[in-house]
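Trainee: Please find one structure pasted underneath; my questions will follow.
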Ligand code: SF4
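Residue numbers (our numbering), protein chains in the order written: chain A, 2 to 188; chain B, 6 to 435.
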């Protein structure tokens, strides 16, 4: 886990479910074959209703129609981010698109766990609702150690909840590295 | 301790656990399917080596069910990957497509095949794995990484959840089903009201339900955001399990002084049939509030609404009737598909009742419950307004992002199929 994560913000609303993050019809691509794998980056967040893609503006796709990588690094969401199915393709698709962290008011637990255990994206909880305070395209920076987010576009600073127990897994890289270090798995 | 806390403590080798504790536990059953199985296998091999063996063959269950009857080659390739892995590992519990063993929807298949036993821990790469909690066991959905870790070690970490208790008192009226009860709860607590917690169901109306209806309750615990749903086992549970497996099990019960996060009590005699309006399972309304809404389609199927009892309920209304909108029937498993030909109502088989009413009957699988490839049976492609016995109505869940899906009990869906508008089952039940 990087100490500083900086890039453009992409803002979405509440209850972003896994079908919006990666619609079910796209779950069939191989996660290992590079030419198929990159399709997860292309379709990341494509299920979000068009009017809500990239708040407060809307109609701003996370990944441009013919691209495989997104220009956005940090996704800002409201409550219950990642609800719905257990598909690990969801945090994977975000990572594949180039996203490094999500900052949401709250998470559905399977998405949160998948993000951590797979080491895909760092899931931070914000202490206040940031969806109305940050705009898509703002230049934002997360200090993962201090658990704090700076919006360089507006100069505002927001506190995030500390990562707690899961920081050890994120620091190790993923749950396997963590299990090896803890002696739960042969190394 | 609650029943959930006790099962976790037993499997963590501890006297007791407290909500919030992070513990490593032993896994009794791991289930995976065609969507999440292949990536799980790939991660397992990456982490444990190309020739690694799974931790315990007898504890791994593979049931392809999601994208089965499709020409989509990516989807079919996924089943091939499972087939190769099962052969290579000589897995005894692989339910292959195109064979007599093929089951259909995994959560119901687990129950039918005797894997759901009181007191055990069961994990699956599917969020509705919480269905199995109906048997008094701890079950929850995990991602591929967690499943791969279990595949290699038989262990996983869990954060001990707090338990929310839901008590249903009274006798269930004939126009209500478990689906109405769980939609009422989700509407009341919201789709994240149970996040990180257990939903425990209790009360006379719950113990009057058979195992199929109990599974409907636990199935949708995840729609309230919960980690698991659970119902303490009783004679009904034991009877079902004994018919399906000879394996021993040890029932676990909560302590009298167990601490709960909260408790809600419902009197079922005063409840009404419920729907979840588009596009969220917590968008609750009584059927009477939305009655008359014009429909294009009705759908009876999935792990939560495609069990024998769901079809018996639908048949009570559809017998001798003709549907006014296209109506899809999808038995969750091949056993249920067989039962449609065997079980009768008023002298007619359920199968004939549906065919005579003008329904289309599909093959056992998840089918349009989650959209799937364009050639999936019952999938939406347009602006259809659907009433469905499935468990999710997020935008695009049944295929088309423009479609609108109402979730309801099989009774409400069947009543609405007959009239073409959302209809209260009390109006047509005799
Ligand atoms: S029937 Fe629907 S909810 Fe159940 S396992 Fe299949 S896709 Fe998931």
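Built from N, CA and C at the ideal position, the CB exists for glycine as well.
Only a predicted model underlies this, so the values are computations on that prediction, with no experimental measurement involved.
Could you tell me whether the region 372-387 of chain B touches the region 330-350 of chain B, where touching means 3 or more Cβ pairs closer than 8 Å?
Mentor: Yes, they touch.
Trainee: Just checking residue 375 of chain B against the ligand SF4 - is the residue's beta carbon closer than 7 Å to any of the ligand's heavy atoms?
Mentor: yes
Trainee: Have a look at A:143, A:69 and A:138 and flag the residue whose alpha-carbon is nearest the alpha-carbon of residue 11 of chain A.
Mentor: A:138
Trainee: Would you call the CB atoms of residue 3 of chain B and residue 390 of chain B closer than 8 Å?
Mentor: With chain B represented from 6 up to 435, any question about residue 3 of chain B goes unanswered, as that position is not in the structure.
Trainee: For residue 144 of chain B, verify whether its CB is less than 7 Å away from any heavy atom of the ligand SF4.
Mentor: no
Trainee: From which residue to which residue does the beta strand (DSSP E) around residue 73 of chain A run?
Mentor: 73-77
Trainee: I'd like the span of the beta strand (DSSP E) that includes residue 124 of chain A, first residue to last.
Mentor: 123-126
Trainee: Taking its Cβ as the centre, do 16 or more other Cβ atoms sit within 10 Å of residue 270 of chain B, making it buried, or is it exposed?
Mentor: exposed
Trainee: Please return the same chain residues whose Cβ sits closer than 8 Å to the Cβ of residue 252 of chain B, not counting the five positions on each side in sequence.
Mentor: 119 and 122
Trainee: Please check if any C-beta of chain A sits within less than 8 Å of the C-beta of residue 201 of chain B.
Mentor: yes
Trainee: Span of the alpha helix (DSSP H) holding residue 75 of chain B?
Mentor: Neither: residue 75 of chain B is in no alpha helix (DSSP H) and is coded neither H nor E.
Trainee: Closer than 8 Å between beta carbons: that is the criterion. Which residues of the region 13-28 of chain B meet it against chain A?
Mentor: Close to chain A, meaning a Cβ-Cβ distance shorter than 8 Å, are the following residues of the region 13-28 of chain B: 27.
Trainee: If the cut is a Cβ gap below 8 Å, which residues of chain B does residue 50 of chain A touch?
Mentor: Near residue 50 of chain A (Cβ distances below 8 Å), the residues of chain B are 400 and 406.
Trainee: With a threshold of 7 Å (Cβ to nearest heavy atom), would residue 396 of chain B be considered close to the ligand SF4?
Mentor: yes
Trainee: Spatial neighbours of residue 4 of chain B within its chain, please: CB distance less than 7 Å, with the 5 preceding and 5 following residues excluded, ordered by chain position.
Mentor: The shown model of chain B, from 6 to 435, leaves out residue 4 of chain B, and the question about it has no answer.
Trainee: Name the one or two DSSP bridge partners that residue 281 of chain B has.
Mentor: B:289 and B:412
Trainee: Residue 101 of chain B and residue 88 of chain B look like a contact to me (Cβ under 8 Å); what is the Cβ gap, rounded to whole Å?
Mentor: 6 Å
Trainee: Could you tell me whether any Cβ in chain B is nearer than 8 Å to the Cβ of residue 69 of chain A?
Mentor: no
Trainee: Assuming residue 147 of chain B contacts residue 86 of chain A (C-beta within less than 8 Å), just tell me the rounded distance between them.
Mentor: At roughly 12 Å, the Cβ-Cβ gap does not stay under 8 Å, so residue 147 of chain B and residue 86 of chain A are not in contact.
Trainee: Is it buried or exposed for residue 315 of chain B, if we count other Cβ within 10 angstroms and need 16 for buried?
Mentor: buried
Trainee: Does residue 186 of chain A have its Cβ less than 8 Å from a Cβ in chain B?
Mentor: yes
Trainee: Am I right that residue 161 of chain B and residue 30 of chain B are in contact with their C-beta atoms under 8 Å? What's the rounded C-beta distance?
Mentor: 6 Å between Cβ atoms; contact.
Trainee: Under the assumption that residue 328 of chain B contacts residue 303 of chain B (Cβ atoms under 8 Å), give the Cβ distance between them as a whole number of angstroms.
Mentor: Contact holds; Cβ gap of about 7 Å.
Trainee: What residues in the region 12-25 of chain A have a beta carbon less than 8 Å from any beta carbon of chain B?
Mentor: 16, 18, 20, 21, 24 and 25
Trainee: Measuring only the C-alpha atoms, how far is residue 162 of chain A from residue 19 of chain A?
Mentor: 23 Å
Trainee: Does residue 79 of chain B have its Cβ less than 8 Å from a Cβ in chain A?
Mentor: yes
Trainee: Would you say residue 135 of chain B reaches chain A, if we count a Cβ-Cβ gap shorter than 8 Å as a contact?
Mentor: no
Trainee: How should residue 184 of chain A be labelled, buried or exposed, when 16 other C-beta atoms within 10 angstroms of its C-beta is the threshold for buried?
Mentor: Classification of residue 184 of chain A: exposed, given that the 10 Å Cβ count is below 16.
Trainee: Helix, strand or coil: which one does DSSP assign to residue 4 of chain A?
Mentor: coil
Trainee: If you draw a straight line from the alpha carbon of residue 65 of chain B to that of residue 53 of chain B, how long is it in whole angstroms?
Mentor: As the crow flies, the alpha-carbon of residue 65 of chain B is around 16 Å from that of residue 53 of chain B.
Trainee: Can you give, in chain order, each stretch of the beta strand (DSSP E) that sits fully within the region 376-433 of chain B and has at least 3 residues?
Mentor: 390-393 and 409-412
Trainee: For the ligand ATP, is there any heavy atom lying closer than 7 Å to the beta carbon of residue 371 of chain B?
Mentor: By its list of ligands, the structure shown excludes the ligand ATP, since it contains just the ligand SF4.
Trainee: Strictly under 8 Å for the Cβ-Cβ distance: is residue 175 of chain A near chain B by that measure?
Mentor: yes
Trainee: Within this structure, are the beta carbons of residue 4 of chain B and residue 170 of chain B separated by less than 8 Å?
Mentor: As displayed, chain B neither begins before 6 nor continues past 435, which places residue 4 of chain B out of reach and without an answer.
Trainee: Reducing DSSP to helix, strand and coil, say where residue 157 of chain A ends up.
Mentor: strand
Trainee: Under the DSSP definition of a beta bridge, which residues are partnered with residue 303 of chain B?
Mentor: B:332 and B:392
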